[in-house]
Amino acid sequence: MDEKKILKAGKIAGEVKSWIKPKIKKDVPLIEIAESIEKKIFELGGSPAFPVNLSIDECAAHYTPSYNDETLAGGLLKVDFGVEIGGWIADNSFSVDLENSALNKNLIEASKKALENAEKLLSEGTPVGKIGETIEETINYYGFNPVANLSGHSMEQYDLHAGIIIPNVKTPSENEIEEGLYAIEPFATNGKGFVHDGKKGNIFIIENDRNTRDSLGREILEFIKDNYGSLPFASRWIVKEFGARAVLSLNNLENEGILHQYPILTEEKGKVVSQSENTFLVKDGKVVNTTK
Numbered sequence: 016m017d018e019k020k021i022l023k024a025g026k027i028a029g030e031v032k033s034w035i036k037p038k039i040k041k042d043v044p045l046i047e048i049a050e051s052i053e054k055k056i057f058e059l060g061g062s063p064a065f066p067v068n069l070s071i072d073e074c075a076a077h078y079t080p081s082y083n084d085e086t087l088a089g090g091l092l093k094v095d096f097g098v099e100i101g102g103w104i105a106d107n108s109f110s111v112d113l114e115n116s117a118l119n120k121n122l123i124e125a126s127k128k129a130l131e132n133a134e135k136l137l138s139e140g141t142p143v144g145k146i147g148e149t150i151e152e153t154i155n156y157y158g159f160n161p162v163a164n165l166s167g168h169s170m171e172q173y174d175l176h177a178g179i180i181i182p183n184v185k186t187p188s189e190n191e192i193e194e195g196l197y198a199i200e201p202f203a204t205n206g207k208g209f210v211h212d213g214k215k216g217n218i219f220i221i222e223n224d225r226n227t228r229d230s231l232g233r234e235i236l237e238f239i240k241d242n243y244g245s246l247p248f249a250s251r252w253i254v255k256e257f258g259a260r261a262v263l264s265l266n267n268l269e270n271e272g273i274l275h276q277y278p279i280l281t282e283e284k285g286k287v288v289s290q291s292e293n294t295f296l297v298k299d300g301k302v303v304n305t306t307k
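Just add 15 to wherever you are in the sequence shown, counting from 1, and you've got the numbering used here.
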């Protein structure tokens with residue numbers, strides 16, 4: 016692990032988070048928020064590790080604005096973004112109540128407190144199931160449910176989801192925290208605590224690198240490999256480079272199984288979801304919150 020790059024990515028994420036929070040207001044276009052965050056990441060010396068996720072109310076994750084998006088901020092907005100330097104990633108999120116809603120505020124507090132309590136437990140040798148149990152108990156204390164089929168994750172260089180799962184509920188998993196890089200992200204809801212795949216959310220990743228008959232698609236695929244590699248990217252990033260005609264080629268590449276487009280993860284009963292997330296470096300017997 017490159018600790019220097021890990022800590023720098025986390026520092027940038029924390030600075031961007033503090034900078035963008037006061038700018039997020041009701042009815043601000045989501046595309047304005049997303050592009051502001053991504054631009055600021057570049058200005059501070061990092062690159063986006065994935066497209067900014069801006070998910071409202073029952074949408075828990077995996078929505079980023081399209082190039083011509085007119086959606087306005089509202090409801091309970093989850094702001095989830097990552098920074099990468101040399102492939103080392105800082106992943107973080109926060110939630111904002113844009114309706115002056117007691118329900119929204121309580122949901123946000125539940126996921127924030129669950130993250131704080133999880134951090135207190137985090138150390139080398141801690142069973143991941145114990146972290147999930149603490150998250151579940153904390154969210155239940157507020158009268159809500161954790162989202163059971165969403166979880167935190169370990170990260171490696173250029174690998175956002177590296178294999179170790181940090182559950183949001185009690186599990187019998189025998190996995191323990193080892194030295195490494197981890198994102199912990201409790202989701203709280205007033206629903207049953209499960210999400211399902213909804214509409215597509217404008218976020219893509221290379222699934223199978225193989226030839227395509229689409230000539231523009233070939234050009235786009237080379238651009239993706241050169242600029243994003245194994246990390247996710249936004250359709251609007253490709254449109255910015257190639258124009259609106261790229262949308263058809265992205266669809267062709269998806270239909271050919273070359274690209275995968277992430278669906279929006281939606282609470283199955285249409286209830287509201289909050290999210291809190293930080294990245295933690297566990298090394299040499301210490302735990303560092305890189306994105307605080």
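We put the beta carbon where it would ideally sit given N, CA and C, even for glycine.
It should be emphasised that the depicted structure is a prediction, and the values quoted were computed from it without experimental measurement.
Go to residue i, then tell me how far its alpha helix (DSSP H) extends in each direction, as first and last residue.
| i | result |
| --- | --- |
| SER230 | 230 to 242 |
| LYS307 | LYS307 -> no alpha helix (DSSP H), and no H or E assigned at all. |
| VAL31 | 18 to 35 |
Can you tell me whether residue i is buried or exposed, with buried defined as 16 or more other CB within 10 angstroms of its CB?
| i | result |
| --- | --- |
| ASP42 | exposed |
| HIS211 | exposed |
| GLY25 | buried |
| LEU91 | buried |
| PHE109 | buried |
| PHE219 | buried |
| THR306 | buried |
| SER166 | buried |
| GLU194 | exposed |
| ARG260 | exposed |
| THR186 | buried |
| ASN270 | exposed |
What are the boundary residues of the beta strand (DSSP E) that residue i is part of?
| i | result |
| --- | --- |
| TYR197 | 195 to 199 |
| PHE57 | Unbroken run through PHE57 is the alpha helix (DSSP H), 45 to 58; no beta strand (DSSP E). |
| VAL254 | No beta strand (DSSP E) holds VAL254; the alpha helix (DSSP H) holding it covers 250 to 257. |
| LEU274 | 274 to 282 |
| ILE221 | 210 to 221 |
| ALA64 | 62 to 71 |
| ASP224 | Taken as a continuous stretch (DSSP letters only), ASP224 belongs to no beta strand (DSSP E), as it is neither H nor E. |
| THR204 | 202 to 204 |
Helix, strand or coil: how does DSSP classify residue i here?
| i | result |
| --- | --- |
| GLY97 | strand |
| THR79 | coil |
| ASN160 | strand |
| ILE146 | helix |
| GLU171 | strand |
| LEU265 | helix |
| THR294 | strand |
| ILE179 | coil |
| ILE123 | helix |
| LEU118 | helix |
| GLU104 | With the sequence shown as reference, residue 104 is identified as Ile, and Glu is not the correct amino acid for it. Of the three classes helix, strand and coil, the one that applies to ILE104 here is strand, per DSSP. |
| ALA88 | coil |
| GLU191 | strand |
Looking at the C-beta of residue i, does it have a partner C-beta in chain B at a distance below 8 Å?
| i | result |
| --- | --- |
| ILE21 | Note that chain B does not occur in the displayed structure, where there is just one protein chain. |
Using 8 Å for Cβ pairs, my map puts residue i next to residue j. What's the rounded Cβ distance?
| i | j | result |
| --- | --- | --- |
| ALA105 | ILE39 | About 19 Å; that fails the 8 Å criterion. |
| ILE273 | ARG228 | About 11 Å separates the two Cβ atoms, so there is no contact after all. |
| GLY97 | GLN172 | That pair is no contact at about 13 Å. |
| SER70 | TYR78 | 5 Å |
| ASN205 | LYS286 | 5 Å |
| SER169 | LEU196 | 7 Å |
| VAL162 | PHE209 | 7 Å |
| PRO308 | ALA133 | Since the displayed the chain opens at 16 and closes at 307, residue 308 lies outside it and no answer follows. |
Do three or more CB pairs link the stretch 273 to 282 to the stretch 201 to 220 at distances below 8 Å? Touching, per the Cβ criterion.
Are the stretch 64 to 72 and the stretch 245 to 256 touching by the rule of at least three beta carbon pairs closer than 8 Å? Counting Cβ pairs under 8 Å, three or more are found: they touch.
Give a yes or no on contact between the stretch 189 to 197 and the stretch 218 to 237, applying the rule of three or more CB pairs nearer than 8 Å. Between the stretch 189 to 197 and the stretch 218 to 237, the count of C-beta pairs closer than 8 Å stays below three; the two stretches do not touch.
Within 8 Å, do at least three Cβ pairs link the stretch 120 to 139 to the stretch 291 to 299? Segments in contact, yes.
Check whether the stretch 125 to 135 touches the stretch 148 to 168, counting contact only when three or more Cβ pairs, one atom from each stretch, lie closer than 8 Å. They touch, by the three-pair rule.
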